[in-house]
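To keep things clear, I will list the structure first and then write my remarks on it.
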Amino acid sequence: MEPRGELTQILDRARVGDEAARAELLGRMYEELRRVAGRMMTRERSDHTLSPTAVVHEAVIRLLGEEVFAKAEDRGFVLASAARAMREVLIDHARRRSAGRRGGDWRRVPLDGVVDYFEGQGLDVVAVHEALDRLAAMSERQAQVMTLRYFAGMTVPEVAAALDVAVVTVERDWRLARAWLGEQLRGGEG
Amino acid sequence: MTSRERWSRIGELFEEASRLAPDARTGWLREACDGDADLFDQVSRLLAQDEEADRDGFLAPPAPAPAPTPGATGPWPDAATVPSAGRSGRGFTPYDAIQSAPASSFPGRDLARRRLLGLTTTCLVITLLILAWKYAVVRDPDPRQAAPYGLLILGLAGLIAVLRGSRPFSPSTFEAMELGMIGSVAAVYAFAQYQTMLDFSIRNDPDRAQLVLNHRILVATILILSYGIYAPACWRRTAVVVGTLALLPFATLALLLSLHPAEMEWMARLGRERGSTPLAHYGFDATLLLILAAWSTHGAYWITQLRTQAREARRLGQYRLGERLGVGGMGEVYRAEHRLLKRPCALKLIRPDFDPGGKALERFEREVRITAGLSHPNTVDVYDYGRTEDGEYFYVMELLPGLSLDELVRRHGPLPPGRAVHLLRQVCLALAEAHAAGLVHRDIKPSNIFASRRGGVDDVAKLLDFGLVRPIAPGLSADLSEEGQILGTPMYMAPEQATGDREVDARSDVYSLGAVAYQLLTGAPPFAGGSAVAVLVALARDPAPPPSQRRPGVPEDLECVVLRCLAKAPADRFPDVLTLERALGECACAGDWGPDEAARWWRSHEPAAVA
Numbered sequence: 010m011e012p013r014g015e016l017t018q019i020l021d022r023a024r025v026g027d028e029a030a031r032a033e034l035l036g037r038m039y040e041e042l043r044r045v046a047g048r049m050m051t052r053e054r055s056d057h058t059l060s061p062t063a064v065v066h067e068a069v070i071r072l073l074g075e076e077v078f079a080k081a082e083d084r085g086f087v088l089a090s091a092a093r094a095m096r097e098v099l100i101d102h103a104r105r106r107s108a109g110r111r112g113g114d115w116r117r118v119p120l121d122g123v124v125d126y127f128e129g130q131g132l133d134v135v136a137v138h139e140a141l142d143r144l145a146a147m148s149e150r151q152a153q154v155m156t157l158r159y160f161a162g163m164t165v166p167e168v169a170a171a172l173d174v175a176v177v178t179v180e181r182d183w184r185l186a187r188a189w190l191g192e193q194l195r196g197g198e199g
Numbered sequence: 017m018t019s020r021e022r023w024s025r026i027g028e029l030f031e032e033a034s035r036l037a038p039d040a041r042t043g044w045l046r047e048a049c050d051g052d053a054d055l056f057d058q059v060s061r062l063l064a065q066d067e068e069a070d071r072d073g074f075l076a077p078p079a080p081a082p083a084p085t086p087g088a089t090g091p092w093p094d095a096a097t098v099p100s101a102g103r104s105g106r107g108f109t110p111y112d113a114i115q116s117a118p119a120s121s122f123p124g125r126d127l128a129r130r131r132l133l134g135l136t137t138t139c140l141v142i143t144l145l146i147l148a149w150k151y152a153v154v155r156d157p158d159p160r161q162a163a164p165y166g167l168l169i170l171g172l173a174g175l176i177a178v179l180r181g182s183r184p185f186s187p188s189t190f191e192a193m194e195l196g197m198i199g200s201v202a203a204v205y206a207f208a209q210y211q212t213m214l215d216f217s218i219r220n221d222p223d224r225a226q227l228v229l230n231h232r233i234l235v236a237t238i239l240i241l242s243y244g245i246y247a248p249a250c251w252r253r254t255a256v257v258v259g260t261l262a263l264l265p266f267a268t269l270a271l272l273l274s275l276h277p278a279e280m281e282w283m284a285r286l287g288r289e290r291g292s293t294p295l296a297h298y299g300f301d302a303t304l305l306l307i308l309a310a311w312s313t314h315g316a317y318w319i320t321q322l323r324t325q326a327r328e329a330r331r332l333g334q335y336r337l338g339e340r341l342g343v344g345g346m347g348e349v350y351r352a353e354h355r356l357l358k359r360p361c362a363l364k365l366i367r368p369d370f371d372p373g374g375k376a377l378e379r380f381e382r383e384v385r386i387t388a389g390l391s392h393p394n395t396v397d398v399y400d401y402g403r404t405e406d407g408e409y410f411y412v413m414e415l416l417p418g419l420s421l422d423e424l425v426r427r428h429g430p431l432p433p434g435r436a437v438h439l440l441r442q443v444c445l446a447l448a449e450a451h452a453a454g455l456v457h458r459d460i461k462p463s464n465i466f467a468s469r470r471g472g473v474d475d476v477a478k479l480l481d482f483g484l485v486r487p488i489a490p491g492l493s494a495d496l497s498e499e500g501q502i503l504g505t506p507m508y509m510a511p512e513q514a515t516g517d518r519e520v521d522a523r524s525d526v527y528s529l530g531a532v533a534y535q536l537l538t539g540a541p542p543f544a545g546g547s548a549v550a551v552l553v554a555l556a557r558d559p560a561p562p563p564s565q566r567r568p569g570v571p572e573d574l575e576c577v578v579l580r581c582l583a584k585a586p587a588d589r590f591p592d593v594l595t596l597e598r599a600l601g602e603c604a605c606a607g608d609w610g611p612d613e614a615a616r617w618w619r620s621h622e623p624a625a626v627a
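As given, the protein sequences belong to chains X and V, one line each in that order.
Per my numbering, the first sequence starts with residue 10, numbered consecutively.
Per my numbering, the second sequence starts with residue 17, numbered consecutively.
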């Protein structure tokens with residue numbers, strides 16, 4: 010019998026604010042995302058590119074598939090952890106990518122789309138990541154909205170469904186967070 | 017660092033201010049901040065950033081994510097948005113996860129290449145012959161006359177070399193090449209005719225000048241005939257080309273007479289001295305060439321017709337296509353008829369370009385073979401399978417008058433419990449055969465089950481689309497679905513199938529049958545609504561709500577059966593479909609629906625579907 014309920018316990022503890030449990034959940038999610046993303050990338054796929062949404066979805070399902078949860082609550086919590094972990098995966102990837110570019114050993118992978126997007130905006134993805142962490146300290150939900158929107162590639166309605174809030178709330182959060190990020194990342198004195 | 021409370025206050029002010037007109041904001045904000053200069057400053061900066069972001073598209077939504085990987089767990093359309101396969105909804109999986117590659121093929125391209133090659137070779141041979149004759153046999157003319165022929169030979173040889181290579185060309189390129197080639201040949205011959213006739217006339221040798229014209233006419237006949245044979249693209253173009261070829265020798269002659277009347281005086285004299293006219297002298301040859309041109313045009317027309325017919329006949333063998341019943345990512349489904357048997361059938365045509373890797377074609381081929389190997393009356397009958405000349409695969413199966421369960425529920429709402437049991441028991445029996453043969457269906461869903469009229473009986477269930485079937489025991493056939501890929505429709509998928517953790521077996525099909533039963537009874541699958549992840553998460557951990565909660569009137573015994581099918585752990589479900597079939601048969605409502613009720617229902621509700 011596998012240690013059934015282990016993840017449920019972690020989730021319970023994380024929900025009530027246990028930092029260690031949060032880190033544990035994030036770590037697991039991170040590992041899973043990396044596994045899924047790595048496997049998806051090595052798959053021979055000439056016909057399609059991979060969306061970050063697909064990576065997050067598959068990772069969540071695989072992680073949750075390890076055991077069956079007792080309660081239907083906290084989907085948003087799990088998903089937000091997944092999105093946060095996704096950000097870590099992408100930052101790792103961006104770092105490796107810039108190192109690899111210098112070394113000349115760099116292969117384009119589907120997740121590059123996200124990094125490309127920020128570069129196209131004239132932004133350093135690592136700076137965005139750090140700014141979002143600061144935003145999370147002020148409003149966790151706003152950081153989650155941005156993370157899900159930009160790092161997990163979800164649409165506004167999808168974000169709303171994932172966080173179980175109204176679409177207008179997501180739009181409002183997005184607008185404020187955008188202005189704040191603009192100030193932080195390109196506004197100068199901020 | 018701004019505190020949470022302060023940040024939420026900033027957010028409120030930002031939101032309210034952003035609803036105001038830009039010029040009214042500052043005044044309002046100053047008042048709202050009530051002397052807190054720092055707060056005023058922060059919100060103003062954010063508002064300025066907001067305006068600037070709107071202007072320059074800062075963090076504008078990323079481009080829509082690329083199409084989800086087939087089978088990977090991207091967002092999928094829910095049942096309501098999956099394009100239903102045509103009006104009558106044949107229910108073949110639209111495979112919409114698989115998208116076609118944009119490449120297009122040009123059927124018959126090889127033929128166009130071979131034809132052009134033949135025509136060019138003929139022209140090259142004639143030109144070489146003329147040149148050799150001039151210099152090896154006649155040994156007379158001016159070496160400068162060889163120049164245009166030499167150029168032509170080089171050009172034709174170059175074209176042959178290009179055509180023999182493997183570079184692909186589009187049909188319009190072939191047409192342009194063909195017209196350019198025949199045009200240059202005609203131009204060089206006309207120029208040579210002009211030059212040599214003038215030359216002999218100047219040298220006062222009218223006999224040989226006339227001989228040149230005669231040769232020229234003979235060469236024109238060869239060109240006309242070979243064009244008709246080798247390039248019968250369409251009769252209009254052939255008519256223009258061969259008509260020009262026929263008239264060119266005479267046009268050249270006319271040009272020569274008008275530009276050099278003195279040198280060509282002999283020719284005019286020739287006619288007058290013998291009491292003849294130019295018409296009498298050349299009219300007959302010209303008429304013959306024109307007749308030949310008409311004949312060649314007709315030949316081209318005829319060859320094209322024959323080829324089209326032959327292609328059509330070869331295309332789908334014995335089948336004649338009728339109306340299109342549905343479209344999917346892989347190809348199209350048509351109503352079709354066997355030419356000799358006149359048996360109506362459904363023909364699924366797979367586009368040749370949709371799957372460059374060949375994986376899906378393999379899967380398709382396997383689907384056909386597997387389905388053909390099953391003979392249960394509740395499994396769809398596969399009649400035929402083949403490949404067209406253009407590389408399209410097709411397979412032919414029985415045409416099912418009736419509706420898919422998906423459409424049945426959508427059009428008429430949830431089914432009476434007795435009817436659901438009646439249909440599901442038949443599907444169980446069809447699956448029993450497949451499971452006994454070591455095959456799991458893996459994609460059981462309402463749109464893959466048909467309630468149709470067969471053998472004069474209504475509500476005969478037919479299970480279709482074994483596209484995702486795979487052997488239970490490994491080693492029976494290569495596993496074509498890649499590891500970790502989720503194939504199938506998540507709403508009817510067993511949890512172990514969605515997570516990919518456990519081996520899928522017959523009990524996964526039992527789960528899917530339970531989900532289908534759930535939809536038949538309540539109108540919706542057990543887990544629907546919300547985002548894609550919400551469905552999958554619910555699938556993985558939430559118990560299915562009892563159907564009677566969703567829709568009162570579902571009998572308790574049937575509800576127990578359905579919920580047992582939907583158990584998360586395979587061990588908690590019915591061990592096999594035959595046990596499930598028996599359990600369904602033991603429900604009190606099992607006797608409520610039979611052929612008579614079915615016949616009455618179809619006559620009154622869907623008379624057109626089974627007519």
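Beta carbons are placed, not taken as given, at the ideal position from N, Cα and C, and that holds for glycine.
When the beta-carbon positions are compared, Val-396(V) and Val-384(V) stay at least 7 Å from each other. For Met-38(X), no Cβ of chain V is located within less than 7 Å of the residue's own Cβ. Three or more beta-carbon pairs separated by less than 8 Å are not found between the stretch 190 to 199 of chain V and the stretch 144 to 154 of chain V, which leaves the two stretches without contact. Counting only Cβ-Cβ distances below 7 Å, Glu-139(X) has no contacts in chain V at all, with the closest Cβ about 13 Å away. Partner residues in the beta bridge of Leu-419(V), as assigned by DSSP, are Ala-467(V). At least one beta carbon of chain V lies nearer than 7 Å to the beta carbon of Leu-185(X).
Closest option to Pro-360(V), judged by alpha-carbon separation, among Leu-275(V), Ile-386(V), Leu-63(V) and Leu-415(V): Leu-415(V). When DSSP states are grouped into helix, strand and coil, Met-38(X) belongs to the helix group.
Shortest Cα-Cα distance from Tyr-298(V) to any of Leu-227(V), Ala-448(V) and Pro-561(V) involves Leu-227(V).
What Gln-130(X) touches in chain V, judged by beta-carbon distance under 9 Å, is Gly-73, Phe-74, Leu-75 and Ala-76, going in chain order. Less than 7 Å divides the Cβ of Tyr-350(V) from the Cβ of Arg-340(V). In the three-state reduction of the DSSP assignment, Glu-32(V) falls in the helix class. Of all residues in the stretch 143 to 159 of chain X, only Ala-146, Met-147, Ser-148 and Tyr-159 place a beta-carbon less than 7 Å from a beta-carbon of chain V. Buried is the label assigned to His-457(V), since at least 16 other Cβ atoms lie within 10 Å of its Cβ. In this chain, Met-509(V) is not harboured by any beta strand (DSSP E), its DSSP state being neither H nor E. For the 7 Å CB-CB criterion, Ile-238(V) and Val-258(V) do not form a contact. Cβ neighbours of Gln-209(V) within its own chain (closer than 6 Å, five residues either side excluded): Arg-232 and Thr-268. Assignment of Pro-433(V) by DSSP, reduced to helix, strand and coil, places it in the helix class. The beta carbon of Val-526(V) sits closer than 7 Å to the beta carbons of Cys-581, Arg-589, Phe-590, Val-593 and Leu-596 from its chain, once the five residues preceding and following it are set aside; these are given in chain order. Judged by pairs of C-beta atoms under 8 Å, the stretch 469 to 484 of chain V touches the stretch 607 to 622 of chain V, as three or more such pairs exist. Under a criterion of Cβ atoms nearer than 7 Å, the residues of chain V adjacent to Leu-190(X) are, in order, Leu-75.
Residue pairing by DSSP places Tyr-350(V) opposite Arg-340(V) and Leu-363(V) in a beta bridge. Neighbours of Arg-181(X) across chain V, judged by C-beta separation under 7 Å: Glu-31. In this structure Pro-430(V) touches Leu-537(V) by the C-beta definition: roughly 6 Å separates them, less than 8 Å. In the three-state reduction of the DSSP assignment, Met-163(X) falls in the coil class, being assigned neither a helical nor a strand state. Sixteen is the threshold: when 16 or more other Cβ atoms of the shown chains lie within 10 Å of the Cβ of Trp-609(V), as they do, the residue is buried.
Residue state for Met-413(V) is assigned as strand, using DSSP reduced to three classes.
Residues of chain X with a Cβ closer than 9 Å to the Cβ of Asp-66(V) are, in chain order, Arg-184, Leu-185, Arg-187, Ala-188 and Gly-191. For Tyr-243(V), the enclosing alpha helix (DSSP H) covers residues 222 to 246. Rounded to the nearest whole angstrom, the CA to CA distance from Glu-67(V) to Leu-75(V) is 13 Å.
Going by beta carbons, Val-154(X) and Asp-182(X) fall inside the 7 Å limit. Ranked by Cα distance from Arg-20(V), the options Gly-162(X), Ala-152(X) and Val-168(X) are led by Ala-152(X). Arg-598(V) and Tyr-401(V) have their C-alpha atoms some 36 Å from each other. A straight line joining the alpha-carbon of Thr-260(V) with that of Asn-230(V) spans about 17 Å. When secondary structure is reduced to three states using DSSP, Thr-395(V) falls in the strand class. Residues of chain X with a Cβ closer than 8 Å to the Cβ of Thr-18(V) are, in chain order, Met-147.
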